[in-house]
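Heads up, the thing below is written out as structure tokens.
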Amino acid sequence: MPPNPKNLILNLLLANDGAPLSAADAVGSCALFGIRENSVRVALVRLGSAGMIESAGRGAYRLGPQAAGLAQELSRWRSSESRVCDWSGAWIMVSTGSLGRSDRTALRGRQRALALLGFQELDDSLHVRPDNLIGHAPAIRERLRKLGLEAQAPVFTATDLAPELEAKARSLWQGDALTKAYEQTRQKLEAWLAHAHELEPEVAARECYLLGNEAIRQLVFDPLLPEPLVNVAERRAFTDIVVAFDQAGHRIWAEQLPAALQTRQAKLLATNPSPKGRRPATH
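The numbering of the sequence shown is the numbering used here, which starts it at 337 and goes up by one.
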């Protein structure tokens, strides 16, 4: 199943590190996954209407104001381990009991913010995570609000929980499953990198995008738990291979893919020449 064109375009812009993306490059990249040009054009229009992208000159786009805050947060995945500190056993709490649930846009923003920072529900109105991120409650409060948590939601540190509540908090994450997922994804990426040189550029571009996107998403939504809730060494090894895989993907898309696409376009023009007097269509 091909990726969603809107998601693919946003991922391409994120990978560009602020550089604009041309409509032609968007069309060519999406074509690798069997996405028609018309679908790409529609996606560009809809992303622009939603404020997720904006014009960066004729036929070029950059991330728009509605995507800026989220893009900044998502781009932090490469340095995720640098945001972790030792855990004293304290917890960061977010109280949502005073917040409404009828505004679906606000609710989605709230849930996304809490998920991105690894919070879990301790009860219906209280979310929790270990206090093991640098900056502690003040920094987490600021990040949550930038991501969509309402300003009136209390964010605070809690210590000395009752034994039964402490046990419940520690059980909210499936640490063994997280550790196993780190290992499995790491091995999958390592195996692909070992044989990537054997693949045609277009095949390599498709596969590294799909595998890399899945791995990066896994890392973006990782709760960054401390020991003993998760195997930190395995998570660090997983993070290292995702960074290496991403760098390899950038090389494939920047160095090998353009030449392959030009060769394919030349072959198409040779077998389907334009009618006399007409120039080949360009994006």
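Note that the Cβ used here is the ideal one computed from N, Cα and C, for glycine as well.
Query                                                                                                                    : Result
Assigned exposure category for L557 - 16 Cβ within 10 Å defines buried                                                   : Residue identity differs from the one stated: residue 557 is Phe in this sequence, not Leu. Looking at its Cβ environment, which holds fewer than 16 other Cβ atoms inside 10 Å, F557 is exposed.
Beta bridge counterpart(s) of L529 as assigned by DSSP                                                                   : Beta-bridge pairing links L529 to no other residue.
Contacting residues, own chain, Cβ-Cβ under 6 angstroms from M336 (five flanking each side not counted)                  : Here the chain comprises residues numbered 337 to 619, so residue 336 is not present and cannot be evaluated.
Identity of the residue in I470, R587, Y545, A359 nearest V378 by Cα                                                     : A359
Proximity to G405 [Cα-Cα], best of L380, L435, R481                                                                      : R481
CA nearest to the CA of E550, picked from P562, Q520, P564                                                               : Q520
Outcome for N347 when other beta-carbon atoms lying within 10 angstroms are tallied against a minimum of 16              : buried
Cβ-Cβ distance between S461 and G433 below 8 angstroms                                                                   : yes
Euclidean distance between Cα positions of L483 and R446                                                                 : 8 angstroms
Sheet register partners of T493 (DSSP bridge)                                                                            : I428
The alpha helix (DSSP H) enclosing D634, as first and last residue numbers                                               : One cannot answer for residue 634 here, as it falls past the ends of the chain, which runs 337 to 619.
Which listed residue (I345, D496, A351) has its alpha carbon closest to that of I588                                     : A351
Nearest residue (CA-CA) to E457, options R412, A505, P499                                                                : A505
Close-in-space but distant-in-sequence residues of the same chain around G613 (CB under 7 angstroms, 5 per side omitted) : Model confidence at G613 stands at a pLDDT of 46, short of 50, so the residue's coordinates are unreliable and nothing is read from them.
Burial state of V539 (16 or more Cβ within 10 Å)                                                                         : exposed
Close Cβ partners of N567 (< 6 angstroms) along its chain, the five nearest in sequence each way excluded                : T515
Where P466 falls: helix, strand or coil (DSSP)                                                                           : strand
Three-state class that DSSP yields for I371 in the structure shown                                                       : coil
L399, enclosing beta strand (DSSP E) - first and last residue                                                            : 396-399
Unbroken beta strand (DSSP E) run spanning E390, endpoints                                                               : 389-391
Assigned secondary structure, E563 (DSSP; H/G/I helix, E/B strand, else coil)                                            : coil
Cβ-based neighbour list, G370, same chain, cut-off 6 angstroms, excluding 5 preceding and 5 following                    : P338
Backbone secondary structure at D385 - three-state DSSP                                                                  : The displayed chain sequence assigns Ser, not Asp, to residue 385. In the structure shown, S385 sits in a helix (DSSP, three-state: H, G or I).
Cβ-Cβ distance between L344 and Y397 below 8 angstroms                                                                   : no
S358 in three-state terms, based on DSSP                                                                                 : strand
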